[in-house]
Amino acid sequence: MMASTAPAAGLADPVLDSQHVYRAILSAFAQPGRISQVDRLETAPPPLAPATAAAGLTLFDLATPVWIAPDIITDAAAGFFSFHTGCPMTDDPGTAAFAIISGMDGASLARDFSAGTPEYPDRSATLIVQVAALTEGHGRRLTGPGIESEHRLDVTGVSPAFWDLVGANHARFPLGLDFILVAGGRLACLPRTTKVES
Amino acid sequence: MSPQSESGSAFDSAYNFAFLDEQTKRMIRRAILKAVAIPGYQVPFASREMPMPYGWGTGGIQVTASIIGPDDVLKVIDQGSDDTTNAISIRKFFVRTTGVETTESTADASLIQTRHRIPEKDLRADQILVFQVPIPEPLRFLEPRETETRRMHALEDYGLMHVKLYEDIAHHGHIATTYAYPVKVAGRYVMDPSPTPKFDNPKMDRMAALQLFGAGREKRIYAVPPHTEVKSLDFDDYPFELPEWQDVCAFCGAEDTFLDEVILDDRGKRMFVCSDTDHCSERRAAGHAGPALFDGEAAD
């Protein structure tokens, strides 16, 4: 998995930029369906979206095995995260702390990711799902912790299997996966607590 | 040499920004995300040794250090007060290691670290409240074994906690727990709200701000997302009740705040003042006055 060329540039200021990106992610986790702008990375090695790359540089390290779906993984993408964060790349989705998947890739979304255990529900995977577009104000109805009454989020570029997964995942609470949806430089989160209705 | 942070303020370059190394921050940041995703559940984390002893808020400090940025405005309170030893030393720690702007005003702060109080003023969605927690496990005094309490949380087996509250009623005629009063978060996990007075429990319920809890010695982080139900445990025939005072704040006359008792002499003279010093001075600035000020004027 050697990159043939030098890895793409990471965050210009690894300390302050990752703090900035983290607050955007934290805010998105705390307010499911709200879109955060992640603007500290202009470009990313395709097919990674800039917000995917920025989130990875912020959250991945030696302690987090990362699984990248077969239709997204390239030497450049894997090399980018390996070089900048030192994260181990895994072939086994069940051991991954983070996974990067295209929203259209129903087969990869259905892989057997760790949902934690009843004693340790936090030992679960976080899925970074790349989609075509995120729009607030209309679309699916979100309710749950972090949402005052209800919130509307429209997601384009995901297969119906994704919504089945989100529904089944919510039903397993407190076990479950947490989702970071990424479109370009924007992201929105669906933690396991969020109930999604069409 | 002091490097400039983005907001232009200087910090001590002998340390990384916000003291912690980046690997530690990432570990804590990931733990916070899982804590937010599982409201009220205690996420274990690899708590670090901090340059102050356990009991001084090392858990809250590690949470704050992992999320704080140069644009934040920090407020630190200890029992509601901005100017007690613990609050001052933590504020100085962050000024030295981040250079951020600090404030005593609740409304002006983006990040509030607290020991044992929630500000009287309603918090907003763009604010984060970080609690310092000594003992995060609400069941710990009922069951000392971590393996057992963890299983009890997994099975949602909280009968023991209700027995404890029932025994309060049997002994005292009412639920005698006045601080660290257990709550159920989002209908699932029973959580210790840290030793805040039970007076503050209703403020946690559906608060617009994100609430993060850090326990340094016990190595746990937990969270309550915004607008999340936080219900104080009680019984149908013994509902949760707020404490009531006969007195008002001696300085600002407030009737609806949490009051501290101040002993004035050795003959039993005492007065009650707002525990939230910012709220009290804001009220006085707005023209409210309590009995101590009236007495003072009369004596002049």
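From first to last, the protein sequence lines stand for chains A and B. Position 180 of the first sequence, counted from 1, bears residue number 210 in our numbering, the numbering being contiguous throughout. Position 191 of the second sequence, counted from 1, bears residue number 295 in our numbering, the numbering being contiguous throughout. Built from N, CA and C at the ideal position, the CB exists for glycine as well.
Interface residues of chain B facing residue i [CB-CB closer than 9 Å]
i: residue 93(A); result: 127, 130, 131, 134
i: residue 89(A); result: 130, 133, 134, 137
i: residue 149(A); result: 251, 254, 255, 257, 258
i: residue 135(A); result: The premise fails here: residue 135(A) is roughly 23 Å from chain B at the closest Cβ pair, so nothing lies under 9 Å.
Cut-off 6 Å between Cβ atoms - residues of its own chain near residue i, not counting five sequence neighbours on either side
i: residue 140(B); result: 327, 329
i: residue 179(B); result: 207, 213, 216
i: residue 224(A); result: 62, 172, 174
i: residue 262(B); result: 294
i: residue 224(B); result: 361, 380, 383
Beta-carbon gap between residue i and residue j smaller than 8 Å
i: residue 214(A); j: residue 81(A); result: yes
i: residue 177(B); j: residue 151(B); result: no
i: residue 218(A); j: residue 65(A); result: yes
i: residue 182(A); j: residue 169(A); result: yes
i: residue 139(A); j: residue 131(A); result: yes
i: residue 91(A); j: residue 115(A); result: yes
i: residue 234(B); j: residue 218(B); result: yes
i: residue 287(B); j: residue 237(B); result: no
i: residue 154(B); j: residue 146(B); result: no
i: residue 161(A); j: residue 187(A); result: yes
i: residue 324(B); j: residue 174(B); result: no
i: residue 300(B); j: residue 232(B); result: no
i: residue 282(B); j: residue 302(B); result: yes
i: residue 126(A); j: residue 155(A); result: yes
Proximal residues to residue i (C-beta, below 7 Å), its chain only, five neighbours per side dropped
i: residue 243(B); result: 253, 256, 264, 265
i: residue 396(B); result: 354, 355, 375
i: residue 48(A); result: 41, 87, 88
i: residue 158(B); result: 320, 321
i: residue 273(B); result: 279, 342
i: residue 357(B); result: 392, 393, 394
i: residue 160(B); result: 190
i: residue 290(B); result: 143, 144, 332, 333
Close-in-space but distant-in-sequence residues of the same chain around residue i (CB under 8 Å, 5 per side omitted)
i: residue 67(A); result: 54, 215, 216
i: residue 104(A); result: 75, 76, 77
i: residue 229(B); result: 312, 313, 330
i: residue 172(B); result: 122, 178, 198, 202, 204, 215
i: residue 202(A); result: 145, 222
i: residue 306(B); result: 336, 346
Residue environment, residue i, which counts as buried when at least 16 other CB atoms sit within 10 Å
i: residue 367(B); result: exposed
i: residue 209(A); result: buried
i: residue 179(A); result: exposed
i: residue 96(A); result: buried
i: residue 62(A); result: buried
i: residue 348(B); result: exposed
i: residue 371(B); result: exposed
i: residue 138(B); result: buried
i: residue 52(A); result: buried
i: residue 117(B); result: exposed
i: residue 152(A); result: buried
Neighbour list for residue i in chain B, Cβ cutoff strictly below 7 Å
i: residue 69(A); result: The contacting residues do not exist; residue 69(A) stays about 14 Å from chain B at best.
i: residue 59(A); result: 137, 140, 141
i: residue 221(A); result: 140, 141
Within chain A, partners of residue i - CB distance below 9 Å
i: residue 173(B); result: 46, 49, 50, 52, 53
i: residue 287(B); result: What residue 287(B) touches in chain A: nothing, since even the nearest Cβ is about 14 Å away.
Beta-carbon neighbours of residue i, restricted to chain A and to distances below 7 Å
i: residue 121(B); result: 45, 46
Proximal residues of chain A, C-beta to C-beta of residue i below 8 Å
i: residue 167(B); result: Those do not exist, as residue 167(B) stays about 11 Å from chain A at its closest Cβ, beyond 8 Å.
i: residue 145(B); result: 151, 152, 204
Proximal chain B residues relative to residue i, where beta-carbon distance stays under 8 Å
i: residue 78(A); result: Simply none; closest approach about 19 Å.
What residues in the stretch 170-194 of chain A bring their beta carbon closer than 9 Å to a beta carbon of chain B?
174, 175, 176, 177, 178, 179
Taking Cβ-Cβ distances below 7 Å as the criterion, which residues of the stretch 310-335 of chain B are in contact with chain A?
314, 329, 330, 331, 332
Report the residues of the stretch 198-216 of chain A with a CB closer than 7 Å to any CB of chain B, ordered along the chain.
204, 208
Would you list, in chain order, the members of the stretch 265-298 of chain B that have their beta-carbon closer than 9 Å to a beta-carbon of chain A?
289, 290, 292, 293
Within 9 Å of chain B by C-beta, residues of the stretch 154-165 of chain A in sequence order
154, 156
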